[in-house]
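Residue numbers (the numbering used here): 29 to 164.
Notes follow the structure.
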């Protein structure tokens with residue numbers, strides 16, 4: 029099998045807050061990330077595909093297509109307040125774990141060959157990286 033990876037970046041704001049929890053519980057769990065003012069990140073999004081290259085083209089997946097697929101997803105999150113501007117996050121806490129799941133789900137819908145999607149990683153900071161492989 030061959031793997032290929034593409035990297036994109038986006039900026040977004042959010043607030044870690046679970047509506048099912050009390051204000052005290054949210055503060056205890058999320059700390060400063062629960063601030064009513066929210067905060068933001070410059071995320072790094074890595075997408076890794078895996079499969080067998082096409083015998084005619086020699087390519088696993090057309091990079092121009094992958095770029096277009098990823099851009100369609102980026103348009104939903106880049107320079108957005110995730111909690112207010114992205115409907116999915118009105119039902120899911122905007123943790124980086126959930127950001128990775130969201131990006132995976134949205135990208136699969138865009139791709140012509142979604143079975144090649146192997147994993148997505150979201151780097152919130154250089155020290156905090158979250159990876160999702162489509163398994164829950």
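Where a beta carbon is used, it is the ideal one built from N, C-alpha and C, also for glycine.
What you are looking at is a predicted structure, and each value in this text was computed from that prediction instead of being measured.
Endpoints, alpha helix (DSSP H) assigned at residue i
i: residue 98; result: 91-105
i: residue 125; result: 124-138
Terminal residues of the beta strand (DSSP E) in which residue i lies
i: residue 53; result: Segment 51-58 is the alpha helix (DSSP H) holding residue 53; no beta strand (DSSP E) there.
i: residue 110; result: No beta strand (DSSP E) holds residue 110; the alpha helix (DSSP H) holding it covers 110-113.
i: residue 159; result: 156-160
Where residue i falls: helix, strand or coil (DSSP)
i: residue 76; result: strand
i: residue 166; result: Past the edges of the chain, shown from 29 to 164, lies residue 166, and the structure says nothing about it.
i: residue 62; result: helix
i: residue 143; result: helix
Residues near residue i in its chain [Cβ-Cβ closer than 7 Å; skip 5 each side]
i: residue 70; result: 37 and 39
i: residue 54; result: 45, 46 and 62
Burial state of residue i (16 or more Cβ within 10 Å)
i: residue 75; result: buried
i: residue 63; result: exposed
i: residue 42; result: buried
i: residue 128; result: buried
Any C-beta of chain B under 8 Å from that of residue i
i: residue 61; result: Protein chains in the displayed structure number just one, and chain B is not present.
Cutoff 8 Å; reference residue i; Cβ partners in own chain excluding five residues on either side
i: residue 157; result: 149, 150 and 151
i: residue 66; result: 41, 42, 43, 109 and 111
i: residue 121; result: 44, 45 and 46
Neighbourhood of residue i by C-beta, 6 Å cutoff - its chain only, sequence neighbours within 5 removed
i: residue 78; result: 29, 31 and 146
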